[in-house]
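Contents: one structure, followed by commentary.
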Amino acid sequence: MTTAVPRVDAAQLAGITDTSPVRRRRIGATVLNVVVALLVVAGAVELVVNPNFDWPIVARYLFDTNVLEGVVVTLELTVYAMAIGLVLGVLLAVLRQARSGLARGVAWFYIWFFRGTPVLVQVLFWGFAASLFPRIGIGLPGGPFLVSWDTNTIVPIFAAAVLGLGLNEAAYMAEIVRGGLLSVPSGQTEAARTLGLGHTETLRFVILPQAMRVIIPPIGNQFISMLKMTSVVLVIGVADLLGSVTEVYARNYRQIALLLVASIWYLALTTLLTWGQSRLERRFGRGISRLGDDRG
Amino acid sequence: MRRRHGKVRTALLIGATLAVLGTAACSNNPDAEGAAGAERSGMPETPLQIKGQKDDALLARFPEAIRTSGVLTLAADPTYPPSTFKDPQGTIVGISADFAAAVKARTGLDVKWVEVPFDGMLAGLKAHRFDASWSGWNVTAERLQVLNIVTYMNGGTSVLVKKGNTAGIAQETDLCGRTVTAQTGTFQAQTVLENLQAECGKAGRPAVVPLLIPQQTNVNQALATGRADVALADNTLVAYQARVQPDLFEAVPSILIAPRRVGVATPKDATQLADALAATYNALIADGTYAAILDRWGISNSAVAAAEVNPLEPT
Amino acid sequence: MADAIVEVRDLHKSFGATEVLRGIDLTIGRGEVVCLLGASGSGKSTMLRCINHLEQPDRGFVLVDGMLVGGNVRDGRVHEAAPAEIAERRSRIGMVFQQFNLFPHMTVLDNVTLAPVRVKGVGRAAAQASARALLERVGLGAKADAYPGQLSGGQQQRVAIARALAMEPALMLFDEPTSALDPELVGEVLDVMRDLAASGMTMIVVTHEMGFARNVATRAVFLDGGRIVEHGPSEQVIGAPTHERTRAFLAKVL
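Protein chains in written order, with the numbering used here: chain B, 1 to 296; chain A, 297 to 611; chain L, 612 to 865.
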């Protein structure tokens, strides 16, 4: 048994005055839009009206000196850690493709180890490294140091935080960069080599610029993640944004208001980073995004 | 074709060898051994003895909501021996736990622990997430504006240093110019350090370098690894650490900063609960359980004659 | 041969368990245009890639203009050359690929000037001037500032030829240069290659374009199963093949 499909008869066809289609009215979607709009308005009103949000306190502490200092520390940690992560990550990614089995093995081990342990543990290790290695130096096994330095002096607490975050980040970056390098077709390397370009020149002028287009979005993601991840450095006593805010609310008990202050700052910085990322994507997308666009 | 010896391989081999030699040399250093050191057990030798029976009159003093639910919800940051910490099985133990058990025995109320980092307790009390905080709260005028504190012990701030006291700390002004570590949110982190800074300023000495860390365990670690010269904490904790890890730490007995009473904290509006708790503590003092607990932990000299609600103390 | 520019001796190459080249001997003179013919899997691309050391032979060697691209002879053995040496020798051999392999993130002009500037140290202005001349020669002078993605396949391949020529090679290798092109674009590329041949460039071309092989190439070499089955003047090999397998292959292709 078949359902009757309405057929268009000749009279109807002749009676059509305008062949352009009339858009179907989507009732369900309209209802949904109204409901969502109402919820948004309700939420906004609640934000404004509810006294527990303590907006006056938020306003007062938003630009408080301690909070601002915390913001600066968070930014510094993010930038330094990402710098280390990126440079070391590229090096590790290149090592992973090296001819030497030892080089490949070292790179693999590094990535496995630093991705496999929590960043909090790594930060704690660098912060309290002196408990394992009171002095760092070069010497003979079982014998005295030829030259050595006090660990706490060589690795001050801020440096320990940057190292803990940066070395961990390098492991993740290495995989992102490696993915980007692999995304460049092997024909590009072959063409560069046949022209006489050496290994470094090929990487620098041909491979890496093309890999960047694939690498930038995940790196942007990592950057934004790092911004929040820096808060783990609390545990070794570095006063980042979250740490500064914690000290304030431990004193004045306005926990929600101060956490809102921190959240607003994190959101603002994240927005800034997102904008920066889109700029970078546009710059590296030059030429490559056109591949296939203008072609039939 | 015969393979050419890779340059990269050689360089890495040299680097790896140096690294191994370096760390081997480090780990052969005898000082590193001391960090692991001999640790004595922190648990008291005598078992907890609670004298006295369940007293309905005491129970009647507690707020109705608590009597109905039959549960007293207590916040604790179990990283602070001997006040509140965990035994190897993970159970919360310490002076606080003993008193909680005693309160339970005397009132019939069940005790439920909520673990909260110390820096979040003030906010948590205000938000009524728990009935009371059982950590030893130092009394300050500032705190009394937002909390009730039921004092049951004499306390104060002591100074913990690394074994050997190489910095030669003997009096408060010796702390000027030093790196001083304390737990975030504590009386030491806030009031004591502030006053210390003011003192150092007045004496024309260099400022104290504060190192605030959220967990007391890491505060101890900071001192042990030399990140800080000195740790400030409640006198009971300092004495405990010096006793339990004598190869690592020592207390500076000549310094007792800001001696004052310490107690249990409740939200400001929970006056009935505060009074009930004070009455219970006084009952424990009367029947001798109080003295037994303090004696068990070796802090009998911190005893007070009676528990009070919000007594006045110097700032 | 009087002026041999390429000498292949006893070339063997396996990929894993598969032996692709089973002993190739071939000599190519300066100015010759040689076509490599054969079915897929016959080893013609592999042989081409051994010439500029993109593939490393298991046994045997290839001499280009008297030099071993991938090695140095010492004590009766062939020792693997240093990467820098290989790069330098490769720069004297130009190669054009089936997939063009232009650098998509650079303009056409930059594609052509990259190697002369970075490898030979030519000044930027001089390199650009030569590049424009080369692009004119392949008929793409107006496209110097375009990106490869904006060009048709035929145009891209012509740029690739210009790019290879910018290094002033002594020898040009072509690996199926028109196989990836739409039929109507093949002609423009073959025209450029014909001009190149006429100018005296030595060329080795792997191709299926029989018209080109017959009319432009001086010699044709037919490979089958990793061995050279037949070779000789292209007119003769393609027009009147002597070997059974050559005939069978050509019957399918022509």
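Yeah, the Cβ is synthetic: ideal placement off N, Cα and C, and Gly gets one too.
Give the DSSP bridge partners of residue i, in chain order.
| i | result |
| --- | --- |
| A615/L | G640/L |
| L632/L | K624/L |
| I704/L | L782/L |
| K408/A | T369/A |
| T477/A | L507/A and A527/A |
| I815/L | V645/L and L784/L |
| H842/L | V832/L |
| V457/A | V526/A and E546/A |
| W578/A | It is worth fixing the name first, because residue 578/A is Asn in this sequence and not Trp. Partner(s): none; N578/A has no beta bridge. |
| P563/A | L443/A |
| W433/A | G559/A |
| V605/A | V446/A |
| F381/A | V389/A |
| A428/A | L370/A |
Going by beta carbon distance, what residues of the same chain come within less than 6 Å of residue i, once the five residues before and after it are set aside?
| i | result |
| --- | --- |
| S598/A | M449 and N450 |
| C322/A | Caution applies to C322/A, whose pLDDT of 44 falls short of 50 and renders its modelled position unreliable; the value that the coordinates give is listed next. Counting only Cβ-Cβ distances below 6 Å, and skipping sequence neighbours, we find nothing. |
| A29/B | none |
| D621/L | G634 and G671 |
Who are the near neighbours of residue i in its chain, counting only those whose CB is closer than 7 Å to its CB and skipping five residues on each side?
| i | result |
| --- | --- |
| F395/A | I589 |
| N434/A | G451, F483, R556 and V558 |
| I215/B | I176, V177 and G180 |
| T319/A | Because T319/A carries a pLDDT of 48, less than 50, the predicted location of this residue cannot be relied on, and no value is offered for it. |
| A328/A | A caution first: A328/A carries a pLDDT of 37, below 50, which makes its placement in the model too unreliable to give a value. |
| D583/A | K347 and G348 |
| L865/L | M821 |
| K624/L | V631, L632, T657, C661, E666, P668 and D669 |
| L92/B | A107, Y110, I111, A170 and A174 |
Sorted by chain position, which residues of the same chain lie with C-beta nearer than 8 Å to residue i's C-beta, five sequence neighbours on each side aside?
| i | result |
| --- | --- |
| D786/L | S656, L659, R660, M706, V707, F708, Q709 and V817 |
| M297/A | Any reading at M297/A needs caution, since the residue's pLDDT is 38, under 50, leaving its predicted position unreliable; the model's value is listed next. No residues qualify anywhere along the chain. |
| L746/L | V719, L720, V723, G752, K754, A755, V770 and A773 |
| G473/A | C496, R501, P502, A503, V504 and V505 |
| V797/L | G765, T789 and E820 |
| A587/A | I581, S596 and A599 |
| H424/A | P563 |
| I264/B | V58 and L62 |
| F223/B | T78, M82, L273 and Q277 |
| P217/B | Q277 and E281 |
| A499/A | T469 and C472 |
| P377/A | G338, G390, L533, Y536, Q537 and V540 |
With a cut-off of 8 Å on the beta carbons, I'd call residue i and residue j a contact; round off their distance for me.
| i | j | result |
| --- | --- | --- |
| I704/L | I662/L | 7 Å |
| L801/L | V770/L | About 16 Å separates the two Cβ atoms, so there is no contact after all. |
| E169/B | M226/B | 6 Å |
| V673/L | V619/L | 5 Å |
| A171/B | R115/B | 5 Å |
| M778/L | L195/B | 6 Å |
| D614/L | R641/L | 4 Å |
| M212/B | F284/B | 4 Å |
| V455/A | L528/A | 6 Å |
| V730/L | V675/L | 17 Å between Cβ atoms; not a contact. |
| P759/L | L713/L | 4 Å |
Using a Cβ cut-off of 7 Å (strictly closer), state whether residue i contacts chain D.
| i | result |
| --- | --- |
| Q277/B | Going by chain labels, chain D is absent from the structure shown, which instead holds the protein chains B, A and L. |
Inset, instruction - Flag this pair as touching only if the stretch 159–168 of chain B and the stretch 231–244 of chain B have three or more C-beta atom pairs under 8 Å; answer yes or no. - result: yes
Inset, instruction - Could you tell me whether the stretch 431–448 of chain A touches the stretch 459–472 of chain A, using the rule of 3 or more Cβ pairs below 8 Å? - result: no
Inset, instruction - For the stretch 482–530 of chain A, list the beta strand (DSSP E) runs that are entirely contained and at least 3 residues long, ordered along the chain. - result: 505–509 and 526–530
Inset, instruction - Write down every uninterrupted run of the alpha helix (DSSP H) in the stretch 761–785 of chain L whose length is 4 residues or greater and which is fully enclosed by it, in chain order. - result: 764–776
Inset, instruction - For the stretch 235–250 of chain B and the stretch 68–82 of chain B, state whether three or more C-beta atom pairs, one from each stretch, are separated by less than 8 Å. - result: yes
Legend entry - Within the stretch 210–280 of chain B, ranges of the alpha helix (DSSP H) (whole runs, at least 4 residues): The alpha helix (DSSP H) runs of length 4 or more contained entirely in the stretch 210–280 of chain B are, from start to end of the chain, 241–252.
Legend entry - Whole beta strand (DSSP E) elements within the stretch 667–744 of chain L, 3-residue minimum: 670–675, 682–685, 688–691 and 704–707
Inset, instruction - May I have a chain-ordered list of the alpha helix (DSSP H) segments no shorter than 4 residues that lie completely inside the stretch 34–75 of chain B? - result: 55–62
Inset, instruction - Let me know the alpha helix (DSSP H) ranges lying completely inside the stretch 92–162 of chain B, each 4 residues or longer, listed in chain order. - result: 101–116, 119–127 and 151–154
Inset, instruction - Check whether the stretch 639–657 of chain L touches the stretch 600–608 of chain A, taking contact to mean three or more Cβ pairs, one atom from each stretch, closer than 8 Å. - result: no
Legend entry - Inter-stretch contact (C-beta, 8 Å, three-pair minimum) for the stretch 522–540 of chain A and the stretch 125–139 of chain B: Three or more beta-carbon pairs separated by less than 8 Å link the stretch 522–540 of chain A to the stretch 125–139 of chain B, which places the two stretches in contact.
Legend entry - Contact the stretch 350–369 of chain A vs the stretch 400–409 of chain A: 3+ CB pairs below 8 Å: Yes, the stretch 350–369 of chain A touches the stretch 400–409 of chain A.
Legend entry - Touching by the beta-carbon criterion (3+ pairs, under 8 Å), the stretch 565–580 of chain A and the stretch 409–416 of chain A: no
Legend entry - Sufficient close CB pairs (3 or more, under 8 Å) joining the stretch 40–58 of chain B to the stretch 255–262 of chain B: yes
Inset, instruction - Determine, using beta-carbon pairs with one atom in the stretch 842–850 of chain L and one in the stretch 823–833 of chain L, whether at least three such pairs fall under 8 Å. - result: yes
Inset, instruction - Would you list, in sequence order, the uninterrupted alpha helix (DSSP H) runs of no fewer than 4 residues that lie entirely inside the stretch 165–194 of chain B? - result: 186–194
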